[in-house]
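Asker: Let me give you the structure first, and then I'll get to my questions.
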Amino acid sequence: MKNGNLHSAKEKKEDEFYTELSEIEKELFYYKQHFKDKVILCNCDDPRVSNFFKYFALNFNFFGLKKLISVCYKNQDFDLFSKNDSEKAVYVEYTGSEKDHIPTDDELEIKELKGDGDFRSSECIEILKQADIVITNPPFSLFREYVAQLMKYEKKFAIIGSQNAITYKEIFPLIAQNKMWLGYKAGDMAFKVPDYYAPRATRFWIDENGQKWRSLGNICWYTNLDITKRHEDLVLYATYTPEKYPKYDNYDAINVDKVMEIPKDYDGVMGVPITFLDKYNPDQFEIVAFRKGNDGKDLVYSFTENNFASDASKIIADSGEPTAASRQAAHHAVFQNSCQTETHDDVIRPILNGKNIYRRVCIRHQHR
Numbered sequence: 000m001k002n003g004n005l006h007s008a009k010e011k012k013e014d015e016f017y018t019e020l021s022e023i024e025k026e027l028f029y030y031k032q033h034f035k036d037k038v039i040l041c042n043c044d045d046p047r048v049s050n051f052f053k054y055f056a057l058n059f060n061f062f063g064l065k066k067l068i069s070v071c072y073k074n075q076d077f078d079l080f081s082k083n084d085s086e087k088a089v090y091v092e093y094t095g096s097e098k099d100h101i102p103t104d105d106e107l108e109i110k111e112l113k114g115d116g117d118f119r120s121s122e123c124i125e126i127l128k129q130a131d132i133v134i135t136n137p138p139f140s141l142f143r144e145y146v147a148q149l150m151k152y153e154k155k156f157a158i159i160g161s162q163n164a165i166t167y168k169e170i171f172p173l174i175a176q177n178k179m180w181l182g183y184k185a186g187d188m189a190f191k192v193p194d195y196y197a198p199r200a201t202r203f204w205i206d207e208n209g210q211k212w213r214s215l216g217n218i219c220w221y222t223n224l225d226i227t228k229r230h231e232d233l234v235l236y237a238t239y240t241p242e243k244y245p246k247y248d249n250y251d252a253i254n255v256d257k258v259m260e261i262p263k264d265y266d267g268v269m270g271v272p273i274t275f276l277d278k279y280n281p282d283q284f285e286i287v288a289f290r291k292g293n294d295g296k297d298l299v300y301s302f303t304e305n306n307f308a309s310d311a312s313k314i315i316a317d318s319g320e321p322t323a324a325s326r327q328a329a330h331h332a333v334f335q336n337s338c339q340t341e342t343h344d345d346v347i348r349p350i351l352n353g354k355n356i357y358r359r360v361c362i363r364h365q366h367r
């Protein structure tokens, strides 16, 4: 790599994290029932080196896939693992073979894209439209835009992201509205990174082959594919007492310090750690409120089902078009409005005995 190109690369966001095959296997093992006769798109993946592409090629017949598409973003300054020096982004449409295996370059019809393969480009959007399910590790710095695009085109997906994204004002409402949820794997994950990445004091190493690695401790999968996990009840053992579960000074809810300490017999609102979302079963619990920050820029979420349904019904009536599409649009409009950043007494950061405590998701039991 030329020095000028290296300097340019270093100034870019560190978004080059390459997922290990074992990590993909651990998660997607649980999704097999979703893949039959589907077109899978890995749109942040060089088909020549991507472990996402390798995983689905190795299991193409096992899953009964219809097609596998892989799209490679080509950075004009550097290319981490590319097997050629072309400045063209490429993509592959793979329809399998008689026996599952990792296809060689000679077996793949590698096609060049006109642009750089950015998922936001018009030609990549046309590829996206062909897909049934999108599975990849998108750039963390573009996670908001990436998810917004998946939602816009109503795609099913399973993608890797930082757990910090849970609290993004663009992401949390989708989780609260049951439009996306957390997958199985969460926690520490190791990734290959480019050679230009500077060494760090922790969670960074170079293996015997000279490959640089970074380990991140706050990684999880996000999906909107229905998985068994999200229908598993969290087993609760604790019982409510006023002494153990004091109420907040500024909100009519009790404080719960640990997910496993959620009382099984309390019908009101409970403030629980955000780690609860890894155990969230919408059949068991309802998300009521959440706030991140107090500077007028961060997320405020407050949702009351009755008001929501009433306001949406009014919009539908006013539109004069009581169709499925108008109902969906109306509910979306009201939901978006309910998630605007405002200051409400019922969603401020909870205060307990005069002290701010770490942010809480406010939930309550579903009545079943």
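When you line the sequence shown up against numbering that gives the first Met the number 0, it's residues 0 to 367, in that order.
C-beta atoms are modelled at their ideal positions from N, C-alpha and C, and glycine is treated no differently.
In this text the structure is predicted, and so the values were computed from the model without any measurement.
1. Evaluate contact between the region 221-236 and the region 16-30, counting only Cβ atoms and requiring at least three cross-stretch pairs below 8 Å.
2. Who pairs with Phe284 in a beta bridge, going by DSSP?
3. Would the region 230-244 count as touching the region 256-265 if we require 3 or more Cβ pairs under 8 Å?
4. Near Gln365, what residues of its chain come up, given a Cβ to Cβ distance below 7 Å and the 5 sequence neighbours on each side ignored?
5. Please list the segments of the beta strand (DSSP E) lying wholly inside the region 17-44, counting only runs of 3 or more residues, in order along the chain.
6. Report the rounded CA-to-CA distance for Gly160 versus Phe171, giving the unit in angstroms.
7. Tell me whether Val360 is buried or exposed, calling it buried when 16 or more other Cβ atoms sit within 10 Å of its Cβ.
8. Quick one: residues in its chain with C-beta nearer than 8 Å to the C-beta of Glu122, no 5 flanking neighbours on either side, listed in chain order?
9. Can you tell me where the beta strand (DSSP E) with Glu92 in it begins and where it stops?
10. What residues are listed by DSSP as bridge partners for Gly270?
11. Measure the Cβ-Cβ separation of Lys35 and Gly63 and say whether it is below 7 Å.
12. Ignoring anything shorter than 4 residues or poking outside the region 147-188, list the alpha helix (DSSP H) runs there in chain order.
13. Taking the continuous beta strand (DSSP E) assigned at Pro68, which residues delimit it?
14. My output table needs one value for Tyr236: the three-state DSSP class, helix, strand or coil.
15. Alpha carbon to alpha carbon, what distance is there between Arg367 and Arg202?
16. Would you kindly report the start and end of the unbroken alpha helix (DSSP H) that includes Ile124?
17. Taking DSSP as the reference, what is the three-state secondary structure of Asn50?
18. Looking only at DSSP bridge pairs, what is Lys246 linked to?
19. Kindly list the residues whose CB is nearer than 6 Å to the CB of Lys184, restricted to its own chain and excluding five residues on each side of it in sequence; keep chain order.
20. According to DSSP, is Glu111 helix, strand or coil?
21. What are the start and end residues of the alpha helix (DSSP H) that includes Asn60?
22. Return helix, strand or coil for Phe142, following the three-state DSSP convention.
23. What residues in its chain sit with their C-beta under 6 Å from that of Ala164, if we drop five residues either side in the sequence?
24. Determine the DSSP secondary structure at Gly295, reduced to helix, strand or coil.
25. The beta strand (DSSP E) with Thr135 in it runs from where to where?
26. Measuring CB atoms only, is the region 129-141 touching the region 243-251, in the sense that at least three cross pairs come out at less than 8 Å?
27. I need the straight-line Cα distance from Lys154 to Tyr265, nearest angstrom please.
28. Would you grab the beta carbon distance between Ile218 and Gln162 for me? Rounded to a whole angstrom, and I think it's under 8 Å.
29. Output the distance between the C-alpha atoms of Ala175 and Gly267, rounded to the nearest integer angstrom.
30. Below 8 Å CB to CB, which residues in the same chain sit around His331 once its five sequence neighbours on both sides are set aside?
31. Using the three-state DSSP reduction, which class does Asp99 fall into: helix, strand or coil?
32. Would you decide whether Tyr244 is buried or exposed? Buried here means 16 or more other CB atoms lie within 10 Å of its CB.
33. Note down, in chain order, each residue of its chain lying with its Cβ closer than 8 Å to the Cβ of Asp99, except the 5 sequence neighbours on either side.
34. Inspect the beta-carbon positions of Ile23 and Tyr54 and report whether they are closer than 7 Å.
35. DSSP on Phe275, reduced to helix/strand/coil?
36. Near Val271, which residues of its chain fall below 7 Å by C-beta distance, leaving aside the five closest residues on each side in sequence?
Answerer: This is what the structure holds:
1. yes
2. Here residue 284 is taken as the residue at index 285 of the sequence shown, counted from 1. Its beta-bridge partners are His364.
3. yes
4. Within the sequence shown, residue 365 is the residue found at index 366, counting from 1. For Gln365, where only same-chain residues beyond five positions count, the Cβ hits under 7 Å are Asp282, Gln283, Phe284, Glu285.
5. 38-41
6. One-based indexing of the sequence shown puts residue 160 at position 161. One-based indexing of the sequence shown puts residue 171 at position 172. Going from the Cα of Gly160 to the Cα of Phe171 covers about 13 Å.
7. Position 361 of the sequence shown, counted from the first residue, corresponds to residue 360. Result: buried.
8. Looking up residue 122 in the sequence shown gives position 123. Excluding sequence neighbours, Glu122 sits near Leu112, Lys113, Gly114.
9. Translated into positions along the sequence shown, residue 92 becomes position 93. Start and end: 89-93.
10. What you label residue 270 is simply residue 271 of the sequence shown in a count that begins at 1. In the DSSP secondary-structure assignment, Gly270 is bridged to Asn254, Cys361.
11. Position 36 of the sequence shown, counted from the start, is the residue given in the question as residue 35. Position 64 of the sequence shown, counted from the start, is the residue given in the question as residue 63. Going by C-beta atoms, Lys35 is nearer than 7 Å to Gly63.
12. Correct list: 171-175.
13. Taking the sequence shown and counting its residues from 1, the one referred to as residue 68 is at position 69. Looking at the sequence shown, residue 68 is not Pro but Ile. Ile68 -> beta strand (DSSP E) spans 66-70.
14. As a working mapping, residue 236 is identified with position 237 in the sequence shown. DSSP places Tyr236 in the coil class of the three-state scheme, outside both helix and strand.
15. Here residue 202 is taken as the residue at index 203 of the sequence shown, counted from 1. Here residue 367 is taken as the residue at index 368 of the sequence shown, counted from 1. Arg202 and Arg367: Cα-Cα distance of roughly 45 Å.
16. Start at 1 with the first residue of the sequence shown, and residue 124 comes out as number 125. Run containing Ile124: 121-129, per the alpha helix (DSSP H) assignment.
17. Residue mapping note: residue 50 aligns to position 51 of the sequence shown, counting from 1. Helix.
18. Numbered from its first residue, the sequence shown carries residue 246 at position 247. Looking at the DSSP assignment, Lys246 forms a beta bridge with Ile253.
19. Start at 1 with the first residue of the sequence shown, and residue 184 comes out as number 185. The residues are Lys25, Glu26, Trp220.
20. Position 112 of the sequence shown, counted from the first residue, corresponds to residue 111. The answer is strand: DSSP assigns Glu111 an E or B state.
21. Indexing the sequence shown from 1 puts residue 60 at position 61. From DSSP, the alpha helix (DSSP H) with Asn60 extends over 59-62.
22. The residue you call residue 142 lines up with position 143 of the sequence shown. Phe142: helix per DSSP, three-state reduction.
23. What you label residue 164 is simply residue 165 of the sequence shown in a count that begins at 1. Closer than 6 Å at the Cβ level, and outside the excluded window around Ala164, lie Phe142, Ile170.
24. For the purposes of this step, residue 295 is taken as the residue at position 296 of the sequence shown. Note that Gly295 has pLDDT 43, beneath the 50 cutoff, so the model's placement of it is unreliable and the number below is only indicative. Gly295: coil per DSSP, three-state reduction.
25. Taking the first residue of the sequence shown as 1, we reach residue 135 at position 136. Per DSSP, Thr135 belongs to the beta strand (DSSP E) from 132-135.
26. no
27. On the sequence shown, position 155 is the one that residue 154 refers to. On the sequence shown, position 266 is the one that residue 265 refers to. Roughly 37 Å separates the two Cα atoms.
28. Along the sequence shown, read from residue 1 onward, the residue named residue 218 stands at position 219. Along the sequence shown, read from residue 1 onward, the residue named residue 162 stands at position 163. With 8 Å as the limit, Ile218 and Gln162 qualify as a contact, their Cβ atoms being about 7 Å apart.
29. Reading the sequence shown from its first residue, position 176 is the one you call residue 175. Reading the sequence shown from its first residue, position 268 is the one you call residue 267. Straight-line Cα distance between these residues: approximately 18 Å.
30. Within the sequence shown, numbered from 1, the residue matching residue 331 stands at position 332. For His331, the predicted model reports a pLDDT of 40, less than 50, meaning its position is unreliable and no value from the coordinates is stated.
31. As a position in the sequence shown, residue 99 is number 100, starting the count at 1. Of the three classes helix, strand and coil, the one that applies to Asp99 here is coil, per DSSP.
32. Counting from one through the sequence shown, the residue named residue 244 turns up at place 245. Buried, since its Cβ has 16 or more Cβ neighbours within 10 Å.
33. To locate residue 99, count along the sequence shown from 1; it is residue 100. Excluding the 5 residues flanking it on each side, Asp99 has same chain C-beta neighbours closer than 8 Å at Ala56, Leu57, Asn58, Phe59, Asn60, Phe61, in chain order.
34. Within the sequence shown, residue 23 is the residue found at index 24, counting from 1. Within the sequence shown, residue 54 is the residue found at index 55, counting from 1. Against a cut-off of 7 Å, the Cβ pair of Tyr54 and Ile23 comes out as a contact.
35. Here residue 275 refers to the residue found at position 276 of the sequence shown. In this structure, Phe275 counts as helix in the three-state DSSP scheme.
36. Position 272 of the sequence shown, counted from the start, is the residue given in the question as residue 271. Non-local C-beta neighbours of Val271 in its own chain, meaning closer than 7 Å and more than five positions away in sequence, comprise Val255, Val258, Ile261, Arg359, Val360, Ile362, ordered along the chain.
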